[in-house]
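Asks: Starting off with a structure, shown below.
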Amino acid sequence: MNEDELKQRLAAQANTPIDPTAKRATIAAALNEFKRVHAADPASREKNQKKSQGIFHWLRLTSRSHHDDRSRDMKFAQQKWLLGSVATGCVAVFAVMLSLHNPDLTAPPPVDKPPARTPAAAGSNHVSGKEVVEEVKVTGMRESLQPEPETQRHALQEYDAISAKDIGALPSHEAARNLQRFASPAASSEAKREVLMKREASSFMPRKPDLEPPHQLETADRDHFDTVATNPIKVTREEPVSTFSIDVDTASYSFVRRQLNRGQLPQKAAVRLEEMVNYFPYDYPLPSAATAPFKPTITVIPAPWNQAKRLVHIGIKALPLAHPPKANLVFLLDVSGSMGSPDKLPLVKQSMELLLSGLQPTDTVSIVVYAGAAGTVLEPTPVAEQQKILAALDRLNAGGSTAGAQGIELAYQLAEANYQRDAVNRIILATDGDFNVGIADPEQLKGYVERKRANGIELSILGFGSGNYNDALMQQLAQNGNGVAAYIDTLSEAQKVLVEQASGTLFTVAKDVKIQVEFNPATVAEYRLLGYETRALKREDFNNDAVDAGEIGAGHTVTAIYEITPAGSKAALIDSQRYAAAKIATDTDKASEYGFLKIRYKQPGGSESQLISAPIPVAMDTTQTQLREAQFGAAVAGFAQWLKDPRYLGNWSLDDALKLAQANKGDDPYGYRTEFVQLVRKAKIAKPM
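In the working numbering, the protein residues as written are 9 to 697.
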């Protein structure tokens with residue numbers, strides 16, 4: 009049958025009329041069958057239906073199989089919608105948490121803008137490298153621009169100051185590469201997605217803490233002081249002779265003052281009584297003839313804290329120099345990273361400028377620095393060329409680790425190369441004492457300084473700042489180098505040490521000065537030396553000229569104080585021995601003496617010691633000036649004991665120290681004693697460490 013025949017048959021059927029009765033019967037049969045099916049076994053039908061069947065299924069007439077298929081389709085669609093909603097919610101929560109954790113993701117992305125064109129470049133497409141750098145704007149920076157610890161250590165090693173032209177010069181290109189963290193304008197979308205992924209990953213990593221600025225790191229209490237026991241009470245019959253080296257250092261007083269000005273009591277090890285007392289100049293008489301550089305002044309007064317005891321003051325004052333010799337000075341300056349705070353290297357520069365102002369035009373100055381490496385900043389230069397010296401000082405910057413041993417060696421080499429027989433050849437070391445790198449054995453360093461001293465080159469120490477201050481090593485180096493150790497905490501202190509007392513700091517008038525006192529057992533039951541714990545000598549060292557001792561500079565004063573208990577006094581703390589030898593017979597000529605004083609010293613260029621001696625009488629004529637000076641010295645000694653070890657003071661208080669010092673300030677042209685009174689007041693309210 010072809011297509012034409014099919015069309016003809018269909019057309020013939022279409023023209024055949026439909027029997028209305030048959031039509032109605034057919035429809036009725038269909039409806040009855042429909043009702044029968046839906047009415048039969050409803051429970052079974054419900055069992056075959058799915059609960060997730062479409063919500064509009066009751067509008068359609070479908071067979072059971074078609075209905076089941078449709079139900080499965082509807083259920084799958086709803087499951088996809090439900091799972092999609094849950095996934096979308098999880099992503100939203102994750103995005104919120106991520107944005108809260110990483111503030112950088114909440115900021116709008118940087119907009120790449122073309123560099124601004126200057127009028128000069130408006131007519132040209134060429135832009136120089138310098139102009140590009142000036143137009144760069146760093147975006148997306150975190151709060152801190154500090155490099156990681158490894159980067160900073162590398163920088164400190166590379167930025168060390170070696171010469172005057174190099175000091176302070178930083179490699180800016182390297183710094184620029186470290187700081188430029190911006191996206192290239194030509195970056196692809198794939199690269200941007202990679203950057204975003206890295207940010208998201210880094211937000212879950214613990215962030216390294218920002219590096220603390222150097223001046224904040226130094227606030228930690230890492231100052232080092234040797235702990236030395238206070239001198240004990242000694243029984244005269246058992247040990248009548250006391251021997252020690254003089255000390256003109258003043259570092260302890262300045263450090264104590266710094267702590268009290270901060271409202272804090274100093275640590276006990278930082279208090280050295282003899283340096284507290286010797287900080288102040290005293291009005292002791294000078295020798296009438298120039299046969300000796302000084303003469304002793306002896307004063308005996310009741311002890312302020314125990315009237316049953318006595319204080320024996322031994323004071324010496326050196327002659328001033330009428331014509332100071334020439335000076336060959338080498339400034340050895342610590343420019344390590346620990347010297348960066350304002351009270352260190354900046355104060356060092358100012359202090360050296362003050363010292364220059366008091367030198368003669370023919371004196372010479374050299375500058376050596378050390379920090380990780382040592383270098384000569386200024387070759388020996390006459391003070392007449394002061395601007396050249398000041399310019400070299402001005403270029404100094406702090407940075408690097410400390411290698412003090414190498415710096416000292418270079419300074420001595422420079423001093424030896426410019427050595428002058430008719431001049432004072434001295435190295436002045438300015439540091440916070442932080443010799444934490446480059447010294448394998450401090451004892452070896454001290455021996456090195458001692459050997460160089462024998463060649464005529466001396467060493468003085470100026471300490472600065474706190475937090476790294478190595479007081480113990482500085483004191484020992486100064487002692488071995490025949491120099492003084494001073495602590496500079498203010499510009500006023502620099503003025504005192506380097507200008508007002510410059511002659512005493514630079515020019516020695518007597519070296520290897522030793523004091524020995526033999527007490528009389530008939531008049532003295534007990535005695536105690538106040539301070540000088542680190543300067544004690546053996547009895548046989550007094551007459552041994554090979555044993556080193558302290559130096560005294562031009563115009564300097566030195567004070568030593570003994571507390572004695574008169575024989576028979578109830579104030580004695582040590583009982584007499586039951587089985588002791590018979591009582592020593594008293595010599596009528598010596599019963600009037602508490603003891604006998606002997607002092608040995610050498611001329612600056614000499615090798616044989618000279619002897620000065622004098623008795624310590626029980627009764628003596630004392631001038632008002634002597635009494636005033638001794639009373640003020642006693643106030644300072646009592647205050648130092650209160651700070652360090654008050655066990656011998658009884659009920660004596662800071663108020664008693666205030667009254668005694670206030671009543672005996674004397675002339676006080678520079679206000680040092682007035683300042684002491686204020687420090688005692690501050691100690692009353694200072695907090696302990």
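Virtual Cβ for every residue (Gly too), placed ideally from N, Cα, C.
Measure the Cβ-Cβ separation of Leu-386 and Ala-399 and say whether it is below 7 Å.
Replies: Mapped onto the sequence shown, residue 386 falls at position 378. Mapped onto the sequence shown, residue 399 falls at position 391. Against a cut-off of 7 Å, the Cβ pair of Ala-399 and Leu-386 comes out as no contact.
Asks: Excluding the 5 residues flanking Asn-426 on each side, which residues of the same chain have their C-beta closer than 6 Å to its C-beta?
Replies: Here residue 426 refers to the residue found at position 418 of the sequence shown. Excluding sequence neighbours, Asn-426 sits near Asn-336, Pro-388.
Asks: May I ask you to verify whether the stretch 320 to 328 touches the stretch 291 to 311, counting CB pairs closer than 8 Å and requiring at least 3?
Replies: Yes, since at least three Cβ pairs between the stretch 320 to 328 and the stretch 291 to 311 fall closer than 8 Å, the two stretches touch.
Asks: So, using beta-carbon positions, are Gly-603 and Glu-526 closer together than 7 Å?
Replies: The residue you call residue 603 lines up with position 595 of the sequence shown. The residue you call residue 526 lines up with position 518 of the sequence shown. The answer is yes: Cβ separation under 7 Å.
Asks: Quick check on this structure: which residue in Ile-620, Glu-458, Val-457, Ala-480 has the alpha carbon closest to the alpha carbon of Thr-235?
Replies: As a position in the sequence shown, residue 235 is number 227, starting the count at 1. Here the closest residue by C-alpha is Ala-480.
Asks: For Lys-652, count the other beta carbons within 10 Å of its own beta carbon; 16 or more makes it buried, fewer makes it exposed. Which is it?
Replies: For the purposes of this step, residue 652 is taken as the residue at position 644 of the sequence shown. So Lys-652 ends up on the buried side.
Asks: From the DSSP output, in three-state form, read off Asn-40 for me.
Replies: For the purposes of this step, residue 40 is taken as the residue at position 32 of the sequence shown. Here Asn-40 sits in helix by DSSP.
Asks: If we ignore side chains and look at the alpha-carbon of each, how far apart do Glu-393 and Thr-372 end up?
Replies: The residue you call residue 393 lines up with position 385 of the sequence shown. The residue you call residue 372 lines up with position 364 of the sequence shown. The alpha-carbon atoms of Glu-393 and Thr-372 are separated by roughly 9 Å.
Asks: Where are the alpha helix (DSSP H) runs, 4 residues long or more, that stay fully inside the stretch 219 to 306, in chain order?
Replies: Counting only runs of 4 or more, we get 222 to 225, 259 to 269, 281 to 285.
Asks: Between which two residues does the alpha helix (DSSP H) carrying Ser-511 extend?
Replies: Walking along the sequence shown from the start, residue 511 turns up at place 503. Its alpha helix (DSSP H) spans residues 510 to 514.
Asks: Below 8 Å CB to CB, which residues in the same chain sit around Phe-233 once its five sequence neighbours on both sides are set aside?
Replies: Walking along the sequence shown from the start, residue 233 turns up at place 225. Only Gln-275, Ala-277, Ala-278, Asp-479, Ala-480 meet the Cβ criterion.
Asks: From the DSSP secondary-structure annotation, give me the bridge partner or partners of Glu-526.
Replies: Translated into the one-based positions of the sequence shown, residue 526 becomes position 518. Answer is Val-249, Phe-604, bridged to Glu-526.
Asks: Taking the beta carbon of Thr-573 as the centre, do at least 16 other beta carbons fall within 10 Å, making it buried, or is it exposed?
Replies: Residue numbering aside, residue 573 sits at position 565 when the sequence shown is read from its first letter. The residue is buried, with at least 16 neighbouring Cβ atoms inside 10 Å.
Asks: Check this for me: beta carbons of Gly-464 and Asn-433, under 7 Å apart or not?
Replies: For the purposes of this step, residue 464 is taken as the residue at position 456 of the sequence shown. For the purposes of this step, residue 433 is taken as the residue at position 425 of the sequence shown. In contact: Gly-464 and Asn-433 (Cβ atoms closer than 7 Å).
Asks: Write down the C-beta distance between Leu-281 and Ala-645 rounded to the nearest angstrom, noting that I regard them as a contact closer than 8 Å.
Replies: Within the sequence shown, numbered from 1, the residue matching residue 281 stands at position 273. Within the sequence shown, numbered from 1, the residue matching residue 645 stands at position 637. Leu-281 to Ala-645, Cβ: 6 Å. Contact.
Asks: Just to confirm my understanding: we take Lys-692, look at its own chain, exclude 5 residues before and 5 after, and list those with CB closer than 6 Å. What are they?
Replies: Taking the first residue of the sequence shown as position 1, residue 692 is located at position 684. Answer for Lys-692: Leu-662, listed in chain order.
Asks: How is Ala-316 classed by DSSP in three states: helix, strand or coil?
Replies: Reading the sequence shown from its first residue, position 308 is the one you call residue 316. Three-state result, Ala-316: strand.
Asks: Is there contact here, the stretch 240 to 253 with the stretch 528 to 542, by at least three beta-carbon pairs under 8 Å?
Replies: As far as the Cβ criterion goes, the stretch 240 to 253 touches the stretch 528 to 542, which means the pair count is three or higher.
Asks: Identify, in the order they occur along the chain, each residue of the same chain with its Cβ nearer than 7 Å to the Cβ of Ala-694, setting aside the five sequence neighbours on each side.
Replies: Locating residue 694 in the sequence shown gives position 686, counting from the first residue. Around Ala-694: Leu-268, Gly-271, Gln-272, Leu-273.
Asks: Measuring only the C-alpha atoms, how far is Val-356 from Gly-613?
Replies: In the sequence shown, the residue the question calls residue 356 occupies position 348. In the sequence shown, the residue the question calls residue 613 occupies position 605. Between Val-356 and Gly-613, the C-alpha separation is close to 31 Å.
Asks: Are the stretch 253 to 268 and the stretch 618 to 634 touching, with three or more C-beta to C-beta distances below 8 Å?
Replies: With a cut-off of 8 Å, the stretch 618 to 634 and the stretch 253 to 268 do not count as touching, because too few Cβ pairs lie within range.
Asks: Over what stretch of residues does the beta strand (DSSP E) that includes Pro-450 continue unbroken?
Replies: Residue mapping note: residue 450 aligns to position 442 of the sequence shown, counting from 1. No beta strand (DSSP E) contains Pro-450, which is instead part of the alpha helix (DSSP H) from 450 to 462.
Asks: For Pro-333, which residues in the same chain have their Cβ closer than 8 Å to its Cβ, ignoring the five residues on either side in sequence?
Replies: Within the sequence shown, residue 333 is the residue found at index 325, counting from 1. Correct list, in chain order: Asp-430, Ala-431, Val-432, Phe-515.
Asks: What separation, rounded to the nearest whole angstrom, lies between the Cα atoms of Gly-576 and Lys-673?
Replies: Here residue 576 corresponds to residue number 568 of the sequence shown, with the count starting at 1. Here residue 673 corresponds to residue number 665 of the sequence shown, with the count starting at 1. Distance between the alpha carbons of Gly-576 and Lys-673: 34 Å.
Asks: Where does Val-492 fall in DSSP's three states?
Replies: Position 484 of the sequence shown, counted from the first residue, corresponds to residue 492. It is coil, neither helix nor strand.
Asks: With burial defined as no fewer than 16 other Cβ atoms inside 10 Å of the residue's Cβ, what is the status of Met-347: buried or exposed?
Replies: Your numbering for residue 347 matches position 339 in the sequence shown. It is buried - the Cβ of Met-347 has at least 16 other Cβ atoms within 10 Å.
Asks: Given this structure, state the Cα-to-Cα distance separating Lys-145 from Pro-350, to the nearest angstrom.
Replies: Within the sequence shown, residue 145 is the residue found at index 137, counting from 1. Within the sequence shown, residue 350 is the residue found at index 342, counting from 1. With a pLDDT of only 31 at Lys-145, under 50, the local geometry of the prediction cannot be trusted, and the value read off the model is given with reservation. Near 32 Å, if we compare the C-alpha coordinates of Pro-350 and Lys-145.
Asks: What's the gap between the Cα of Tyr-456 and the Cα of Gln-686?
Replies: Here the question's residue 456 lines up with position 448 in the sequence shown. Here the question's residue 686 lines up with position 678 in the sequence shown. Looking at the two C-alpha atoms, the distance is approximately 42 Å.
Asks: Taking contact to mean 3 or more Cβ pairs, one atom from each stretch, closer than 8 Å, check whether the stretch 546 to 563 and the stretch 508 to 523 are in contact.
Replies: Short answer: they touch.
Asks: Is the beta carbon of Met-360 less than 7 Å from the beta carbon of Ala-648?
Replies: Looking up residue 360 in the sequence shown gives position 352. Looking up residue 648 in the sequence shown gives position 640. No, the pair does not count as a contact, with Cβ atoms beyond the cut-off.
Asks: Output the distance between the C-alpha atoms of Gly-473 and Leu-437, rounded to the nearest integer angstrom.
Replies: Numbered from 1 along the sequence shown, position 465 holds the residue referred to as residue 473. Numbered from 1 along the sequence shown, position 429 holds the residue referred to as residue 437. Looking at the two C-alpha atoms, the distance is approximately 14 Å.
Asks: What are the residues that DSSP puts in a beta bridge with Ala-431?
Replies: As a first step, residue 431 is located in the sequence shown; it is residue number 423 there, counting from the start. Ala-431 pairs with Lys-334.
Asks: Below 8 Å on the Cβ atoms is my guess for Ser-600 versus Val-626; work out the distance and round it to an integer in Å.
Replies: Reading the sequence shown from its first residue, position 592 is the one you call residue 600. Reading the sequence shown from its first residue, position 618 is the one you call residue 626. Right, their Cβ atoms sit about 5 Å apart.
Asks: DSSP on Phe-550, reduced to helix/strand/coil?
Replies: Looking up residue 550 in the sequence shown gives position 542. Three-state result, Phe-550: coil.
Asks: Cα separation between Pro-696 and Val-505?
Replies: As a first step, residue 696 must be located in the sequence shown, where it is residue number 688. As a first step, residue 505 must be located in the sequence shown, where it is residue number 497. Their Cα atoms are separated by approximately 29 Å.
Asks: Got a sec? Which residues, its chain only, sit under 6 Å from Glu-424 by beta carbon, not counting five neighbours each side?
Replies: Start at 1 with the first residue of the sequence shown, and residue 424 comes out as number 416. Excluding sequence neighbours, Glu-424 sits near nothing in its chain.
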